[in-house]
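Engineer: Residue numbering for the sequence shown follows the working numbering, starting at 40 and increasing by one per position.
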Amino acid sequence: LIFHWLKNVVRVDQVLRVVVEDLDGKSHSDTAILNSLKNLNVQTWNWKKLDISSDVIYQAAGSVTEVYLYCSGNNAVLRGWSDSQGLVLLKTLKTIHLEVNQGLESPQIVQNYIKQFRTALVKRFKEVYKRDIDIFSKIIEHIPQKLNEKLQAAKPKILGEEGYEEQQWLKCMDEFADFVTLVSAAEEEEKPVKVAIIDDGVKSAYDNLDANIAGGESWVSQPISEDPHSPYLTSVKGHGTVMAYFIRRICPEVKLYVLKLDPQMMGSRVTFSIESATEAIEWAVKNEMDIISMSWAIDPIPRKNGKEDLAVRRLRTAISKAVGKYAALLFCAWPDKGAGVKNKTYPYSLETESIFTIGAATRDGNPAPRVGDGQPTFFLPGIELGIPLKTEAKKTIVDNEPKLYQRTGEQPPGTYQTFSGSSLSCALAAGLAAMILHCSRKVQNKQAWRLNNYEYMKMAFESIDMSEHKWLAVGQRFGNSNIKTAKPSARRQVLNQVVDMFF
Numbered sequence: 040l041i042f043h044w045l046k047n048v049v050r051v052d053q054v055l056r057v058v059v060e061d062l063d064g065k066s067h068s069d070t071a072i073l074n075s076l077k078n079l080n081v082q083t084w085n086w087k088k089l090d091i092s093s094d095v096i097y098q099a100a101g102s103v104t105e106v107y108l109y110c111s112g113n114n115a116v117l118r119g120w121s122d123s124q125g126l127v128l129l130k131t132l133k134t135i136h137l138e139v140n141q142g143l144e145s146p147q148i149v150q151n152y153i154k155q156f157r158t159a160l161v162k163r164f165k166e167v168y169k170r171d172i173d174i175f176s177k178i179i180e181h182i183p184q185k186l187n188e189k190l191q192a193a194k195p196k197i198l199g200e201e202g203y204e205e206q207q208w209l210k211c212m213d214e215f216a217d218f219v220t221l222v223s224a225a226e227e228e229e230k231p232v233k234v235a236i237i238d239d240g241v242k243s244a245y246d247n248l249d250a251n252i253a254g255g256e257s258w259v260s261q262p263i264s265e266d267p268h269s270p271y272l273t274s275v276k277g278h279g280t281v282m283a284y285f286i287r288r289i290c291p292e293v294k295l296y297v298l299k300l301d302p303q304m305m306g307s308r309v310t311f312s313i314e315s316a317t318e319a320i321e322w323a324v325k326n327e328m329d330i331i332s333m334s335w336a337i338d339p340i341p342r343k344n345g346k347e348d349l350a351v352r353r354l355r356t357a358i359s360k361a362v363g364k365y366a367a368l369l370f371c372a373w374p375d376k377g378a379g380v381k382n383k384t385y386p387y388s389l390e391t392e393s394i395f396t397i398g399a400a401t402r403d404g405n406p407a408p409r410v411g412d413g414q415p416t417f418f419l420p421g422i423e424l425g426i427p428l429k430t431e432a433k434k435t436i437v438d439n440e441p442k443l444y445q446r447t448g449e450q451p452p453g454t455y456q457t458f459s460g461s462s463l464s465c466a467l468a469a470g471l472a473a474m475i476l477h478c479s480r481k482v483q484n485k486q487a488w489r490l491n492n493y494e495y496m497k498m499a500f501e502s503i504d505m506s507e508h509k510w511l512a513v514g515q516r517f518g519n520s521n522i523k524t525a526k527p528s529a530r531r532q533v534l535n536q537v538v539d540m541f542f
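#1: Tell me whether residue 94 is buried or exposed, calling it buried when 16 or more other Cβ atoms sit within 10 Å of its Cβ.
#2: My output table needs one value for residue 85: the three-state DSSP class, helix, strand or coil.
#3: Report, in whole angstroms, the separation of the C-beta atoms of residue 334 and residue 372, which I expect to be a contact under 8 Å.
#4: So is residue 55 buried or exposed if we call it buried at 16+ other beta carbons inside 10 Å?
#5: Secondary structure at residue 333, three-state DSSP: helix, strand or coil?
#6: CB-CB under 8 Å to residue 301, same chain, minus the five flanking residues each way: which ones, in chain order?
#7: Which of helix, strand or coil does DSSP assign to residue 295?
#8: Specify the secondary structure class of residue 517 as computed by DSSP and reduced to three states.
#9: With a threshold of 8 Å between beta-carbons, can residue 368 be considered close to chain C, or not?
#10: Is residue 479 closer than 8 Å to residue 490 when the C-beta atoms are compared?
#11: Which whole-angstrom value describes the C-beta separation of residue 522 and residue 215, a residue pair presumed to lie in contact below a C-beta threshold of 8 Å?
#12: So, helix, strand or coil for residue 542, using DSSP?
#13: Given a threshold of 16 other Cβ atoms within 10 Å of its Cβ, counted over all protein chains shown, does residue 288 qualify as buried or as exposed?
#14: Could you tell me the alpha carbon to alpha carbon distance between residue 282 and residue 271, rounded to whole angstroms?
#15: Per DSSP, what kind of secondary structure is residue 146 in: helix, strand or coil?
#16: Distance, Cα to Cα, residue 409 vs residue 375?
#17: Run through DSSP, which three-state label would residue 129 get?
#18: By DSSP, does residue 136 sit in helix, in strand, or in coil?
#19: May I ask which residues mark the beginning and end of the beta strand (DSSP E) holding residue 176?
#20: Out of 91, 174 and 77, which has the shortest C-alpha to C-alpha gap to residue 111?
#21: Quick one: Cα of residue 167 to Cα of residue 290, how far?
#22: Which partner residues does residue 56 have in the DSSP bridge list?
#23: Report buried or exposed for residue 58, applying the criterion of at least 16 other Cβ atoms within 10 angstroms of its Cβ.
#24: According to DSSP, which residues form a beta bridge with residue 106?
#25: Going along the chain, which residues of its own chain have a beta-carbon closer than 7 Å to the beta-carbon of residue 384, five neighbours each way excluded?
#26: Give the range of the alpha helix (DSSP H) segment to which residue 257 is assigned.
#27: What number of angstroms, rounded off, separates the C-alpha of residue 349 from the C-alpha of residue 367?
#28: Which residue wins for smallest C-alpha separation from residue 528, given the options 100, 124 and 51?
#29: With contact counted as at least three CB pairs below 8 Å, one residue from each stretch, are the segment 504 to 518 and the segment 397 to 408 in contact?
#30: For residue 533, which residues in the same chain have their Cβ closer than 7 Å to its Cβ, ignoring the five residues on either side in sequence?
#31: Considering Cα atoms alone, identify which of 407, 481, 83 and 237 is closest to residue 572.
#32: Return the bridge partner residues of residue 346 from the DSSP annotation.
#33: Quick one, are the C-beta atoms of residue 61 and residue 88 less than 8 Å apart?
#34: Since I believe residue 106 is in contact with residue 72 (beta carbons under 8 Å), could you give me their beta-carbon distance rounded to a whole number of angstroms?
#35: For the alpha helix (DSSP H) containing residue 280, list its first residue and its last residue.
#36: For residue 153, collect the residues of the same chain with a Cβ closer than 8 Å to its Cβ; drop the 5 residues on either side in sequence, then sort them by chain order.
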């Protein structure tokens, strides 16, 4: 929020020094760092994140003069920083402060790593700029407790260990999102991917979501007010905020449009009125959304004398228009009512052949017991997914998901809360579709327009690597070695290769 305020409110031209503590808890992604610091003309960089990519520093603060670096002890990181495509690209850089954790190596070995780093980088600066660079270094023998806890929490799980598939899925997509952000844009500006989140609103201040939110509408009545409708940038139960977080996590450059529905209580469960859902879908079609994310379900209304309710007919018509040829991609959450239970909920039952239904998978990539095997279109992670928890929260129940919370306040996150349910999987699927659209447009693929069609996007999903349980294993497509080792000059070509495999 502070960086958004500096850029968009104060409109500063230059930031002399940036110091960010990012060694405690979950570190910020490369994309988040880029979005925070880009165009602030930072002079001294001290973002305390282990093994940060020199590409991130270059993209976010290309005119920096002084840099503080924190290395886990991995010599490959030091080699990358001293590479011809590393820190030497920072033309105005004069001073480097390097801190290296000793880890399991001897002080002599680590000191030799530092010596090689210093020699290589000094040589490159003399060759390229005909000048010296000051490098100050020190070895940390014992990792601070908080940092050690962070490293343990992030320890990669091994094949067969509980949570391996889920951890690898999210880690792979986080890294791919960072890679895509660093791919240079085409000369012709790409069309942004527009995702409508039809839910209970989104708290825009949460995790800098306001940087992605481009508009919206509300159908929530508040008669005792000058404004007849509740603002869409607030969330009734926090559900829409969580959905926005996961969509943006998978596709950081997405444009979000918040369509806030009129909530209705069914016991302790929150649902929405058919009328507000219909109007929201109509709004999304009128405003040419690429994707409509609906991480909820409405129980069916019984026919009277064999006739369909008027409100249901109007909803059916709105959905038919939305999924018309090359219009919008609709994603719905499976209702999680138990294995073998037929899904008769709206909106899915009104257009079963053109709506993606997404079910939650367990932490090992198998269908969750409350979903059942074979019914949803695809399965994605949906059990105990974590997001930063900003404040203490009151427990509520949303769409049969007892781990969704309402939040207030703007304190920094002190812990992380886990969430479960197919609505989370639906958000990840909508984000994945958004990322596929974004990549195809970024490389200006001539067939990109086809992906706005249900059948073509379904084929794109199936091409990723689908198990017999319809679990999408993203590692082979989005985490292959070509992506991880691509030089800056080759990134666009590598992304082209990824996109070509969708057709």
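Just so it is clear, CB atoms sit at the ideal spot from N, CA and C, and this is done for glycine as well.
Structural biologist: On the basis of the coordinates in this document:
#1: buried
#2: strand
#3: 4 Å
#4: Exposed, since its Cβ has fewer than 16 Cβ neighbours within 10 Å.
#5: strand
#6: 258, 259, 260, 311, 312, 314 and 315
#7: When secondary structure is reduced to three states using DSSP, residue 295 falls in the strand class.
#8: helix
#9: Annotation note: the requested chain C is absent from the structure, which comprises a single protein chain.
#10: yes
#11: 7 Å
#12: coil
#13: buried
#14: 14 Å
#15: DSSP places residue 146 within a helical segment (H, G or I) once states are collapsed to three.
#16: Rounded to the nearest angstrom, the two C-alpha atoms are 5 Å apart.
#17: coil
#18: strand
#19: 173 to 179
#20: 91
#21: 36 Å
#22: 83
#23: exposed
#24: 84 and 135
#25: 336, 337, 338, 339 and 374
#26: Careful: residue 257 lies outside any alpha helix (DSSP H), inside the beta strand (DSSP E) at 252 to 257.
#27: 24 Å
#28: 124
#29: yes
#30: 521, 522 and 525
#31: The requested residue 572 is not part of the displayed model; the chain covers only 40 to 542.
#32: Residue 346 is bridged by DSSP to 343.
#33: yes
#34: With a Cβ gap of about 13 Å, residue 72 and residue 106 do not count as contacting.
#35: 278 to 289
#36: 117, 137, 139, 176 and 178
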